[in-house]
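If you read the sequence shown in my numbering, its first letter stands for residue 20, the second for the next number, and so on. Worksheet: one structure, shown below.
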Amino acid sequence: MSVAAARPADPPVAGRASPPPKPPRACPDDFDAAYIAFGYDECEVIFRAAPMTVKRWLLERGSERLRKARAEFVARERAARHALKAMKKRRKPPRAVVADGIAVPPELLAEAANFLRTMRNGGWFVAPTGKGDWWLGAMYKTPAQIVEFAAARGFDLEGAMARLRCVLPAEAAHP
């Protein structure tokens, strides 16, 4: 045990006084509006004040009046949210199916779509919509437009047509 620890604490000196306590923090001018709009807990964060300080400010400003105003504010906000939910939601008008009347064999369309999906061609998103037209990226295209787009990107249309001529008659003979 050290010598300093064994000695009793120094008695207070007669001429030395402790510093006066700090006065309590004054209530901010915008406390009422902040309390009404955000509530008790958020006032602690907004004003960086301890819970007891916010409680003191609430008592100084009139806790009953402020609590009543906060309750009315919350009720109005809740009613506004319910009114928004109750409003009829606008629905998008049904989109017209893109059609051009050009018949494309499904096998040719499938080859062209697979060609566009490959990464060497940019990896396009190509998928049927279920209504007869197709997605190409974010656009709606007809099957003929898909084949045309693929041909413009290097798809061997002549070779695909030749393969289809060889395959289709054999399939037609064996249903």
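Just so you know, even glycine gets a beta-carbon here, dropped at the ideal spot from N, CA and C. As the structure is a prediction and not an experimental result, all values here were calculated from the model.
Boundaries of the alpha helix (DSSP H) in which residue i is found, first to last residue
{"i": "Lys160", "result": "Counting along the chain, Lys160 falls outside any alpha helix (DSSP H), though it belongs to the beta strand (DSSP E) covering 158-160."}
{"i": "Val64", "result": "59-66"}
Pair within 8 Å by beta-carbon distance, residue i and residue j
{"i": "Asp51", "j": "Leu85", "result": "yes"}
{"i": "Phe92", "j": "Ile65", "result": "no"}
{"i": "Phe134", "j": "Ala169", "result": "yes"}
{"i": "Ile165", "j": "Leu176", "result": "no"}
{"i": "Cys46", "j": "Ala53", "result": "no"}
{"i": "Phe174", "j": "Ala122", "result": "no"}
Straight-line gap, residue i to residue j (C-alpha atoms, nearest Å)
{"i": "Met71", "j": "Lys104", "result": "38 Å"}
{"i": "Arg75", "j": "Lys41", "result": "16 Å"}
{"i": "Ala146", "j": "Lys107", "result": "32 Å"}
{"i": "Pro124", "j": "Asp152", "result": "14 Å"}
{"i": "Glu83", "j": "Arg67", "result": "23 Å"}
{"i": "Arg89", "j": "Pro43", "result": "25 Å"}
{"i": "Leu77", "j": "Ala102", "result": "32 Å"}
{"i": "Arg100", "j": "Asp119", "result": "46 Å"}
{"i": "Arg80", "j": "Arg35", "result": "38 Å"}
{"i": "Thr148", "j": "Lys111", "result": "17 Å"}
{"i": "Gly141", "j": "Ala157", "result": "14 Å"}
{"i": "Arg139", "j": "Leu183", "result": "24 Å"}
{"i": "Pro39", "j": "Gly58", "result": "33 Å"}
{"i": "Trp143", "j": "Glu167", "result": "14 Å"}
Beta-carbon separation (whole angstroms), residue i vs residue j, contact threshold 8 Å
{"i": "Ala179", "j": "Leu127", "result": "6 Å"}
{"i": "Lys160", "j": "Val116", "result": "Not confirmed; about 11 Å, so no contact."}
Exposure of residue i, with buried meaning 16 or more beta-carbon neighbours within 10 Å
{"i": "Thr137", "result": "exposed"}
{"i": "Asp48", "result": "exposed"}
{"i": "Cys185", "result": "exposed"}
{"i": "Ala181", "result": "exposed"}
{"i": "Ala94", "result": "exposed"}
Where the beta strand (DSSP E) containing residue i begins and where it ends
{"i": "Asp123", "result": "For the record, residue 123 in the displayed sequence is Val; it is not Asp. Per DSSP, Val123 belongs to no beta strand (DSSP E) and is neither H nor E."}
{"i": "Val73", "result": "Here Val73 belongs to no beta strand (DSSP E); instead the alpha helix (DSSP H) covers 70-80."}
{"i": "Ala146", "result": "145-147"}
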